[in-house]
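Heads up: the sequence lines are chains F and R, in that order. Reminder that position 16 of the first sequence reads as 16 in our numbering, one-by-one numbering, no gaps. So the mapping is simple: our numbering equals the position in the second sequence, first residue as 1, plus 1000. Don't be surprised by glycine CBs; every beta carbon is placed ideally from N, CA and C. Just below is one structure, and these are the notes that go with it.
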Amino acid sequence: MTITLNVNGKNVQVDVQPNETLLDVLRNKLYITGPKEGCGNGECGACTILYNGKVVNSCLVLALEADGAEILTIEGLTKDGRLHPIQEAFIEENAFQCGFCTPGFVISTKALLDRNPNPSNEDIIEALAGNLCRCTGYQTILKAVKRAAEKLGVEK
Amino acid sequence: MIPFRFSYHKPSSLSEAFEILSEDGAVPMLGGTDLVVKMRAKRVTPKVVVDLKFIDELHNVSFSEDEGLVIGAAVTMNELIEDFAVVKERFPVFYQAIKKVGAYQTRNRATVAGNIANSSPAADSVPPLLTYNAKVKVVSADGERLVELKDFFTGPGRNVLKPGEIIHSIIVPYESPSIGMYYKISRIKAVDLSTIGVALTIIDPDGKRDIRVALASVAPTPVRAFKAEDYIRDKELSASSVERFAELVQESTSPITDARGSKEYRWEMAKVLPKRILRELGLFEGVA
Chain F
1 MTITLNVNGK
11 NVQVDVQPNE
21 TLLDVLRNKL
31 YITGPKEGCG
41 NGECGACTIL
51 YNGKVVNSCL
61 VLALEADGAE
71 ILTIEGLTKD
81 GRLHPIQEAF
91 IEENAFQCGF
101 CTPGFVISTK
111 ALLDRNPNPS
121 NEDIIEALAG
131 NLCRCTGYQT
141 ILKAVKRAAE
151 KLGVEK
Chain R
1001 MIPFRFSYHK
1011 PSSLSEAFEI
1021 LSEDGAVPML
1031 GGTDLVVKMR
1041 AKRVTPKVVV
1051 DLKFIDELHN
1061 VSFSEDEGLV
1071 IGAAVTMNEL
1081 IEDFAVVKER
1091 FPVFYQAIKK
1101 VGAYQTRNRA
1111 TVAGNIANSS
1121 PAADSVPPLL
1131 TYNAKVKVVS
1141 ADGERLVELK
1151 DFFTGPGRNV
1161 LKPGEIIHSI
1171 IVPYESPSIG
1181 MYYKISRIKA
1191 VDLSTIGVAL
1201 TIIDPDGKRD
1211 IRVALASVAP
1221 TPVRAFKAED
1231 YIRDKELSAS
1241 SVERFAELVQ
1251 ESTSPITDAR
1261 GSKEYRWEMA
1271 KVLPKRILRE
1281 LGLFEGVA
């Protein structure tokens, strides 16, 4: 069956099977490999995307459900070759090592800052609790989210 | 990729849904945060998946003091607590428990109806709903019926839903202001099932002071500690009455050992946590 998705601002049509997840389709058919498959059970957050404006684990969304959906992945944050302020903040704070979890963290951060431009530590921890990182110990990620909030505040 | 073949349908009306649900091997789906995980592991292998989230009438939420809070089956947990301030204001223990389910991403998909239909003994949204005397509106092609939540569960993963029946909405009666706490112990702070969860709700704290307790992960189904509630009704909260109350809460449980904790630990915490909640609410000064 053919579905239409708006992925990072572009409309695409793609043939999908009922047993494919949205993550499968993004990665294997549209070659959008920012979202990763870590656990495949909605526990690690590596596959986090914005789905109709809300953060979800794309490994638990059936592709057919997503017909007509608007999707934002980390690839869609970069504009004209320029990194998004959240991406810059993650680099400046060394908020990753292996990088596998980073696209998920960046998208969760984007969703958090969209709904709450000045999050407290507690707000950040709640919003990012569904994203696991095995390298950093999280402190640099907390700092990166705060730095990103500052950068975005200055931009406005 | 889910390792078997099935067909997927998204009906836009209940009558259309009932028709597809009558097919052999059909299962209903809401957020999919339990079902898709089980399908990926082949623990559930439906032939037909009926996605109910495109049915408009299942997205309704309403509140009035007479009718209580009515939550449509397809309303996500985040929609419920972010878009309807009444949940936090009138049902604070339920609000706290929803925030303990999975992670933010999970709660953008998961529904209260799905949490109930999945019927895990560890369902975090259930103990507070038990203390608020919630009811489940069940519908099928043959009509509708109202089931008390306390009578809904029949065992781990089992409930009174018959083939072709789905949850239409959850009805949470409003009695009076309430205070309380959902206390969840888990191995990690988020994205984990409870080792034990205790909801203690005090209905009308400045008036009749009705203390209600329900627990998750300490019995084959979520349980409400009616005997403990009866005991403490109209009694002063003294060291000895609270101790006896906590023992009676404990006696309402029948915990087992699993990957998340031992039966001995759960048994002990079933007594400690009611006391600890009363202490944190400022109603009891003893050790807990």
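Asked	Found
Fully enclosed by the stretch 1090 to 1116 of chain R, which beta strand (DSSP E) runs are 3 residues long or longer?	none
Count the CB pairs spanning the stretch 1110 to 1120 of chain R and the stretch 1197 to 1215 of chain R that are closer than 8 Å, and state whether there are at least three.	no
Give a yes or no on whether the C-beta atoms belonging to F/T73 and F/L26 are separated by under 9 Å.	yes
Measuring straight from C-alpha to C-alpha, what distance separates R/I1002 and F/V56?	18 Å
Within this structure, are the beta carbons of R/I1171 and R/V1136 separated by less than 9 Å?	yes
Rounded to whole angstroms, what's the CA-CA distance from R/G1207 to R/L1215? Just pull it up for me.	25 Å
Any contact of the stretch 1126 to 1141 of chain R with the stretch 1155 to 1174 of chain R, i.e. 3+ C-beta pairs under 8 Å?	yes
Can you find a CB in chain F that lies within less than 9 Å of the CB of R/Y1182?	no
With H, G and I counted as helix, E and B as strand and the rest as coil, what does DSSP make of R/V1048?	strand
With F/Q13 as the anchor, note down where its beta strand (DSSP E) starts and where it stops.	10 to 15
I want to see whether chain R comes within less than 9 Å of F/K146, judged by CB atoms only; does it?	no
Assign F/Q13 to buried or exposed, taking buried as 16 or more other Cβ atoms, counted over all protein chains shown, within 10 Å of its Cβ.	exposed
Using CA coordinates, which residue listed in R/V1249, R/V1223, R/K1100, R/E1251 is at the minimum distance from R/G1155?	R/V1223
So does the stretch 101 to 115 of chain F actually touch the stretch 125 to 145 of chain F, counting three or more Cβ pairs closer than 8 Å?	yes
Can you pull the chain R neighbours of F/N57, defined as C-beta to C-beta under 7 Å?	Q1105
Could you tell me the distance, in whole angstroms, from the CA atom of R/S1022 to the CA atom of R/P1163?	8 Å
Under DSSP, the beta strand (DSSP E) around R/S1186 begins and ends at which residues?	Looking at the DSSP string, R/S1186 is not in any beta strand (DSSP E), and its letter there is neither H nor E.
Span of the alpha helix (DSSP H) holding F/E43?	That residue, F/E43, is in no alpha helix (DSSP H); it is neither H nor E in DSSP.
At what residue ranges does the stretch 1178 to 1247 of chain R contain a whole run of the alpha helix (DSSP H), taking only runs of 4 or more?	1226 to 1232
Does any C-beta atom of chain B lie closer than 9 Å to the C-beta of F/T21?	As a matter of chain content, chain B is missing from the structure shown, whose protein chains are F and R.
At 7 Å on the CB atoms, spell out the chain F contacts of R/A1190, in chain order.	A129, G130
Check the DSSP bridge columns for R/D1258 and list the partner residues they point to.	R/G1261
Are the beta-carbon atoms of F/C98 and F/C44 separated by less than 9 Å?	no
Ends of the beta strand (DSSP E) at R/S1293?	In the structure displayed, chain R extends from 1001 to 1288; residue 1293 of chain R sits before or after that span and is not available.
Can you grab the Cα-Cα spacing for the pair F/M1 / F/S58, in whole Å?	19 Å
Does the ligand ZN have a heavy atom nearer than 8 Å to the CB of R/D1204?	Annotation note on the ligand ZN: not contained in the displayed structure, which lists no ligands.
Beta strand (DSSP E) containing F/N121: first to last residue?	First-last for F/N121: 121 to 128, but that is the alpha helix (DSSP H), not the beta strand (DSSP E).
Once you ignore the five residues that flank R/N1108 on each side, which residues in its own chain have a CB closer than 7 Å to its CB?	T1076, N1078
Can you round the beta-carbon distance between F/S108 and F/N131 to whole angstroms, since I take them to be within the 8 Å contact cut?	5 Å
Does the pairing of the stretch 1041 to 1049 of chain R with the stretch 44 to 54 of chain F give three or more beta-carbon distances under 8 Å?	no
Can we say the stretch 1026 to 1036 of chain R touches the stretch 1045 to 1056 of chain R, given the rule of at least three CB pairs closer than 8 Å?	yes
Select from the stretch 1004 to 1025 of chain R all residues with a C-beta closer than 8 Å to any C-beta belonging to chain F, and list them in chain order.	F1004, R1005, F1006, S1007, Y1008, K1010
Would F/L60 count as contacting chain R if we go by Cβ distances under 9 Å?	yes
May I ask you to report which of helix, strand or coil DSSP gives R/F1006?	coil
F/L50 lies in the beta strand (DSSP E); which residues open and close that run?	48 to 51
Does DSSP put F/E70 in a helix, a strand or coil?	strand
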